[in-house]
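What follows is a single structure, written as structure tokens, with notes after it.
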Amino acid sequence: MPPSHDEIGTALDILDQLGCYLRDPAVAGNAQPLLAQVLDEEYGLPMMLGAILRNAAHLVEEHALTPWPVEIRHIIARLRAAAPEVTDCHTLHWDVHRLGGLPFPCVDLAEFRSAVRS
Numbered sequence: 000m001p002p003s004h005d006e007i008g009t010a011l012d013i014l015d016q017l018g019c020y021l022r023d024p025a026v027a028g029n030a031q032p033l034l035a036q037v038l039d040e041e042y043g044l045p046m047m048l049g050a051i052l053r054n055a056a057h058l059v060e061e062h063a064l065t066p067w068p069v070e071i072r073h074i075i076a077r078l079r080a081a082a083p084e085v086t087d088c089h090t091l092h093w094d095v096h097r098l099g100g101l102p103f104p105c106v107d108l109a110e111f112r113s114a115v116r117s
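See the structure below:
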């Protein structure tokens, strides 16, 4: 059974919340574990999005009337071209792990906010 529109909306809302959370310099020390999960090399967002794009291309290919109009061929080609580009981002997983082993001093939030306000 496919996920509902509400479930997909909830997943996108959660990713948006994570993006907003990561904008706060005070969370630098907590960011690495979250990023490691989101960018996991096997089950992270890049791998999932790449699979979604490949499966969407296959679905359009299988169900579009043949001969395919030029627009359908372009859509299939763009979906297929985007899939490996997105999937290649899984290598960020290793960067996030290296970040966890590096000294990463946290910003003093009070200093940061006063610097931003001035």
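Residues 0 to 117 in numbering that gives the first Met the number 0 are what the sequence shown spells out, letter by letter.
Note that beta-carbon positions come from the ideal geometry of N, C-alpha and C, so glycine has one too.
This structure is a prediction, so every number in the text was calculated from the model and none was measured.
Please report the straight-line C-alpha distance between residue i and residue j, rounded to a whole angstrom.
i	j	result
LEU78	GLU70	12 angstroms
GLN16	THR65	42 angstroms
LEU58	ALA25	44 angstroms
ALA27	TRP67	49 angstroms
GLY99	ALA76	38 angstroms
PRO32	LEU38	10 angstroms
GLY8	LEU14	10 angstroms
ALA55	MET47	12 angstroms
MET0	GLU6	12 angstroms
Could you check how far apart the C-beta atoms of residue i and residue j are, in whole angstroms? I think they sit under 8 angstroms.
i	j	result
PRO45	HIS73	24 angstroms between Cβ atoms; not a contact.
GLY49	PRO2	The pair is not a contact, with the Cβ atoms about 18 angstroms apart (cut-off 8 angstroms).
ALA10	LEU21	About 17 angstroms; that fails the 8 angstroms criterion.
HIS96	GLY43	Not really, about 12 angstroms apart at Cβ, beyond 8 angstroms.
ALA81	LEU52	5 angstroms
Taking the continuous alpha helix (DSSP H) assigned at residue i, which residues delimit it?
i	result
THR9	4 to 21
Item to check | 4-residue-minimum alpha helix (DSSP H) runs that sit fully inside the segment 23 to 85, ordered along the chain | outcome: 27 to 37 and 44 to 62
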